[in-house]
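Structure record follows, encoded as structure tokens.
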Amino acid sequence: MDVSIVIPAYNERESLPELLEKTTRVLEKLKLSYEIIVVDDGSRDGTFDVLKELKQQYPVLRAIQFRRNYGKSAALAEGFRVARGKIVVTMDADLQDDPEEIPNLLKKLEEGYDLVSGWKKKRRDPISKTIPSRLFNYVTARLTGIPLHDFNCGLKAYRSEVIKSIQVYGELHRFLPVLAQWQGFRVGEIPVRHHPRKYGKTKFGFSRFFNGFFDLITVLFLTRYKTTPLHIFGMIGLSAFIVGFFIELYLTILWFMGHSIKNRPLFFLGILLIIVGVQFVVLGLLGEMLSANFAENMEYSIKEVIE
Ligand code: UDP
Ligand code: MG
Numbered sequence: 384m385d386v387s388i389v390i391p392a393y394n395e396r397e398s399l400p401e402l403l404e405k406t407t408r409v410l411e412k413l414k415l416s417y418e419i420i421v422v423d424d425g426s427r428d429g430t431f432d433v434l435k436e437l438k439q440q441y442p443v444l445r446a447i448q449f450r451r452n453y454g455k456s457a458a459l460a461e462g463f464r465v466a467r468g469k470i471v472v473t474m475d476a477d478l479q480d481d482p483e484e485i486p487n488l489l490k491k492l493e494e495g496y497d498l499v500s501g502w503k504k505k506r507r508d509p510i511s512k513t514i515p516s517r518l519f520n521y522v523t524a525r526l527t528g529i530p531l532h533d534f535n536c537g538l539k540a541y542r543s544e545v546i547k548s549i550q551v552y553g554e555l556h557r558f559l560p561v562l563a564q565w566q567g568f569r570v571g572e573i574p575v576r577h578h579p580r581k582y583g584k585t586k587f588g589f590s591r592f593f594n595g596f597f598d599l600i601t602v603l604f605l606t607r608y609k610t611t612p613l614h615i616f617g618m619i620g621l622s623a624f625i626v627g628f629f630i631e632l633y634l635t636i637l638w639f640m641g642h643s644i645k646n647r648p649l650f651f652l653g654i655l656l657i658i659v660g661v662q663f664v665v666l667g668l669l670g671e672m673l674s675a676n677f678a679e680n681m682e683y684s685i686k687e688v689i690e
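The structure is reproduced here in structure tokens:
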């Protein structure tokens, strides 16, 4: 099997017939063997009935129905688990991603990338979504050091090694390129065409932005600081402690010179910084104890072995 297309779908009944038609048309032209896996994420609108009908028309279709709505990450994870292709392409079910871009993604993979992400350069979404999303992408790129413009594009192509070695759960699908690069995979990006949503409505409300930033912290901890928690906690703690220490030193000198210091706000700030600083260092040490414990089961991402 050359290519598996994985499509998470939650209440996308209207879009699926058109999506299948366009996708198969593109793939037939490529002369590759392929399968299309749609994971119905607990839809309540009869999405799965539509899939059953489509199966008659498209034997390449495989459909999985979750008993309840688990979220996009879970749907992707299940699709990844059952995918048989050497290359896996993910796509949203709502026709916002254009199947015509699949050949371009594959071409970019051939240049030696392990993951190629789409970049919705001209994004067809309401401004309430595009502006926070810019900020999100900017911060994520800065903090992770991965120079992508668009982390959360539904359209992505992966070599199968990538999806078999990363775990997506919660809402970490926004960070698949980060998790992949952290394992040493080469991550690339190409601009892709994006369409406005034609049917149904978006499944992510305003909470996405908060969740996205919380997940960014989670991902930073799970990647950069997982085995070195004291590096981050210790840095914050020590800085706070040092500032607090010098504040109190300065006030002590004033006190010896005969000034009254007990009503000065600075006095309390100094104490606060010292206490918080110590707490952070201790938190880092606790983290180190945890990571020493799981170091035994540490798994490294291995590319090749010669024996
Ligand atoms: N999706 C899903 N489970 C969910 C939410 C979304 O499988 O709980 C799917 C949805 O059907 C779509 C894709 O994830 O195929 C992206 O969702 P949406 O288009 O609502 O996101 P947006 O384009 O607004 O970022
Ligand atoms: Mg969408």
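In short: position in the sequence shown from 1, add 383, done, that's the numbering used here. Beta carbons are placed, not taken as given, at the ideal position from N, Cα and C, and that holds for glycine. All figures in this text were calculated on a predicted structure; none of them were measured in a lab.
Simplified DSSP assignment, three categories, for residue i
i	result
residue 444	strand
residue 466	coil
residue 671	helix
residue 571	strand
residue 539	strand
residue 551	coil
residue 471	strand
residue 432	helix
residue 498	strand
residue 480	strand
residue 556	helix
residue 503	strand
residue 682	coil
residue 586	coil
residue 648	helix
Beta-carbon spacing of residue i, residue j below 8 Å
i	j	result
residue 471	residue 463	yes
residue 660	residue 631	no
residue 569	residue 496	yes
residue 430	residue 451	no
residue 533	residue 468	no
residue 558	residue 522	no
residue 376	residue 624	Because the chain is modelled from 384 through 690, residue 376 falls outside the range shown and cannot be assessed.
residue 598	residue 555	yes
residue 519	residue 592	yes
residue 502	residue 389	no
residue 667	residue 620	yes
residue 650	residue 644	yes
Option in the options with minimal Cα separation from residue i
i	options	result
residue 546	499, 398 and 425	499
residue 577	475, 455 and 593	475
residue 409	437, 488 and 432	488
residue 448	480, 394 and 667	394
residue 407	509, 427 and 441	441
residue 403	675, 433 and 658	433
residue 426	511, 438, 688 and 454	454
residue 401	415, 418, 437 and 417	437
residue 456	424, 479, 478 and 435	424
residue 461	392, 502, 645 and 506	392
residue 608	483, 673 and 494	673
residue 517	551, 642 and 595	595
residue 428	552, 584, 508 and 537	584
residue 618	575, 586, 665 and 587	665
residue 480	387, 537, 690 and 680	537
residue 477	494, 507 and 688	507
residue 622	510, 658 and 553	658
residue 510	610, 645, 589 and 415	589
residue 678	688, 647 and 610	610
residue 563	552, 580, 544 and 690	544
residue 505	493, 413, 579 and 680	579
residue 458	551, 587 and 600	551
Residue range of the unbroken alpha helix (DSSP H) whose run includes residue i
i	result
residue 421	No alpha helix (DSSP H) contains residue 421, which is instead part of the beta strand (DSSP E) from 417-423.
residue 623	612-639
residue 531	It is not in any alpha helix (DSSP H) - residue 531 carries neither H nor E in the DSSP assignment.
residue 689	Per DSSP, residue 689 belongs to no alpha helix (DSSP H) and is neither H nor E.
residue 593	590-606
residue 400	399-413
residue 378	An answer regarding residue 378 cannot be provided, because it is not within the stretch 384 to 690 covered by the chain.
residue 491	485-493
Cutoff 6 Å; reference residue i; Cβ partners in own chain excluding five residues on either side
i	result
residue 582	397 and 398
residue 515	592
Neighbourhood of residue i by C-beta, 7 Å cutoff - its chain only, sequence neighbours within 5 removed
i	result
residue 566	548, 549 and 684
residue 670	612, 613 and 616
Enclosing beta strand (DSSP E) for residue i [first to last residue]
i	result
residue 389	386-392
Contacting residues, own chain, Cβ-Cβ under 8 Å from residue i (five flanking each side not counted)
i	result
residue 491	499, 540, 571 and 573
residue 445	418, 419, 420, 421 and 465
residue 686	567
residue 722	A query on residue 722 cannot be resolved here, the shown segment of the chain reaching from 384 to 690 and no further.
residue 483	405, 409 and 576
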